[in-house]
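Trainee: Sending over a structure as structure tokens; questions will come in a sec.
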Amino acid sequence: MRAAGLAMALCLMTSGVSLGAVTIPPDGSGSVQAQTGGSPSRLPALTAEFSTEEGSNEYLNGQGTAQNTQEAGQTAVPQIKSDAAVLYDATHDRVLYEKNADAQHYPASITKLMTALLVLEHCSLSDTVTFSQSAVTNLESGAVTLGVKAGDQFTVEQCLYGLLLKSANEIANGLAEHVSGSVSSFADLMNQKAASLGCTGTHFVNPNGLNDPNHYTTARDMALIAEAAFENPTLCRIASTVNYDFPATASVPSVRKLTMGHKMVNPNNKEYYYEGIVGGKTGYTSLAGNTLVTCVERNGTRLIAVILKSRQTHYADTKALLDYGFSLSQAGETGTSGIQTGGTSGPGGSGSTSGPAGTSGHCRWVQDASGWRFVKTDGSYAAGECLKINGEIYCFKQDTYMVSSGWYQIDGIWYYFRSSGGLATSRWVETNGMWYYVDENGALFTGGTTPDGYRVDENGVWIR
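Each residue of the sequence shown is one higher than the one before, counting from 0 in numbering that gives the first Met the number 0.
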């Protein structure tokens, strides 16, 4: 049964009562017991909406935004021209930058990162892939191919080079059929994997990313997929290869020389090469525009940049994001949360900004040894309330500190707060080997079928 909406039900503990994180016990029952004391007091769940973009110094009420000025010495936030972008610090699990991170866009061929990951999880590199007639013909006009014909055979490893360097679409189809028997069954596997990674705005219908209205993702979801993909050392090896000789066949008797399409991977490309590259994937269709995923690691920090719906600015935007992220790392800052025009600071990838709470005129995040607090436009700290800030809901205890990550039982209902501090909504959460779903209001879903078609028991545990 669905819990009452957050707007009606969410409340915090009264002053003097600690609202501590709670975890679901690993006893297999999935039952959750409160670890907080006292009685909750009912508070408005959402008392105001804020933006830390530059603009007017007001609460968001349809008339304007609340201003935030960049603090002196803070790393400048890049101006990204692509429609959507995310810069994710995979080492420290924080988003350093986001722009329209949850807007759904066509991914084009960056889809193939998910395809490659699943192939590597289900196949041996030496497996033989035999291409069917449907694999080599189920393509749209103008799709990139390697000229593979029905009956051609290659190893999985050879196919992965064709997939990630050439971005050959019939290769994706052949691999999908090899793993799951059909493209549609493989798409189901892709969607299951996406859900398990925490993706909430993604749906796949094919393994190659060719245009389909039901094939879409978000920049945030794509960062999660890329993180998982680049944790696979074989995928990293292939996705960072510059040149590869694809073997000849009876239908194509000459060796096909493949070159990595991602320009930042090639050290001979003086204009675009990026030091520390782990791997990446390009994408383009007329509907998707340019898409790009790039993974780079320097000095122990791994960054993932995702670009969606670009108009030929995908490399410049990616470089700007990566430069920004590594500058933050060198400066000891923790990032800027997703606002294009402001020097935003906040949890989950937001650098600490200093300044007394009594300073009125702009809202901002402030961090100290005890955690994160939020200064509202009237100069006061948020306390005993929930605020919508840059599109995310954050909750603050009476002591003014933000509720941190983990499970919390609030007014008898369980909620999950992400590592960024934001309330998790419409997504799966793994805890102690069990999967739980939180609904669109953030409440634990129990005793029914989730929107994506999975059954959960009365304790909220996915019934496998």
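All C-beta atoms in this analysis are idealised placements derived from N, C-alpha and C, irrespective of residue type, glycine included.
By Cβ distance, which residues of its chain are closer than 8 Å to Ser266, with the 5 residues on each side in sequence left out?
Mentor: Checking the sequence shown, residue 266 turns out to be Pro, not Ser. Around Pro266: Val241 and Tyr272.
Trainee: What would DSSP say about Glu274, mapped onto helix, strand or coil?
Mentor: Coil, per DSSP.
Trainee: May I ask you to list the residues that DSSP assigns as paired with Val132?
Mentor: Sequence check: residue 132 is Gln here, not Val. According to DSSP, which records beta bridges pairwise, Gln132 is partnered with nothing at all.
Trainee: Excluding five sequence neighbours on each side, which residues of the same chain lie with their C-beta closer than 8 Å to the C-beta of Gln157?
Mentor: Contacts found: Phe245 and Pro246.
Trainee: Pull up the DSSP beta-bridge partners for Met401, would you.
Mentor: Paired residues: Phe395.
Trainee: Quick one: is the Cβ of Leu320 within less than 6 Å of any heavy atom of the ligand ADP?
Mentor: In the structure shown, the ligand ADP is absent, as is every other ligand, since no ligand is present at all.
Trainee: With DSSP as the reference, label Gln311 as helix, strand or coil.
Mentor: Correct three-state label for Gln311: coil.
Trainee: Enumerate in chain order the residues of its own chain whose CB-to-CB distance from Pro206 is below 6 Å, with the five nearest sequence positions on each side excluded.
Mentor: Same-chain partners within the cutoff: Thr114, Ala171, Ala175 and Phe185.
Trainee: What does the Cβ neighbour count give for Pro106, buried or exposed, with the cut at 16 atoms within 10 Å?
Mentor: Pro106 comes out buried.
Trainee: According to DSSP, Ala304 sits in a beta bridge with which residue or residues?
Mentor: Answer by DSSP bridge pairing, in chain order: Leu86 and Thr293.
Trainee: Could you check whether Glu139 and Leu209 sit closer than 7 Å to each other, using their CB atoms as the reference points?
Mentor: Yes. Within cutoff.
Trainee: In chain order, what residues of the same chain lie with their CB nearer than 6 Å to the CB of Phe153, ignoring the 5 residues before and after it?
Mentor: Cβ within range, chain order: Val128.
Trainee: Per DSSP, Glu230 is paired with what?
Mentor: None, per the DSSP bridge assignment.
Trainee: Comparing C-alpha positions only, which one of Glu97, Gln397, Thr90 and Val374 sits nearest to Asp220?
Mentor: Comparing Cα positions, the closest option is Glu97.
Trainee: So, helix, strand or coil for Ile237, using DSSP?
Mentor: In this structure, Ile237 counts as helix in the three-state DSSP scheme.
Trainee: Output needed for Thr136: all residues of its chain with C-beta closer than 6 Å, excluding positions within five of it in sequence on either side, in chain order.
Mentor: Result list for Thr136: empty, nothing under 6 Å.
Trainee: Taking Ser425 as the reference, which of Val437, Val295 and Asp410 has the closest Cα?
Mentor: Nearest C-alpha to Ser425: Val437.
Trainee: Give the DSSP-derived three-state secondary structure of Leu422 in the structure shown.
Mentor: In the structure shown, Leu422 sits in a strand (DSSP, three-state: E or B).
Trainee: Grouping DSSP H, G and I as helix and E and B as strand, with all else coil, what is Lys280?
Mentor: Three-state result, Lys280: strand.
Trainee: Between the beta-carbon of Lys308 and the beta-carbon of Gly324, is there less than 7 Å?
Mentor: Taking 7 Å as the Cβ cut-off, Lys308 and Gly324 do not qualify as a contacting pair.
Trainee: Quick check on the burial criterion: 16 or more other C-beta atoms within 10 angstroms. Buried or exposed for Ile462?
Mentor: Exposed, because fewer than 16 other Cβ atoms sit within 10 Å of the Cβ of Ile462.
Trainee: Which residues bound the alpha helix (DSSP H) around Phe185?
Mentor: Segment Val182 to Ser195, the alpha helix (DSSP H) holding Phe185.
Trainee: Compare the C-alpha of Ser369 against each of Glu391, Glu384, Gly378 and Phe395 and name the closest.
Mentor: Nearest C-alpha to Ser369: Phe395.
Trainee: At which residues does the alpha helix (DSSP H) containing Leu112 begin and terminate?
Mentor: It spans Lys111 to His121 - the alpha helix (DSSP H) in which Leu112 sits, taken as one unbroken run.
Trainee: To the nearest angstrom, how far is the alpha carbon of Phe203 from that of Gln103?
Mentor: Spanning the two alpha carbons is a distance of roughly 12 Å.
Trainee: Determine, using beta carbons only, whether Asp367 comes closer than 7 Å to chain D.
Mentor: Looking for chain D here will not work: only one protein chain is present.
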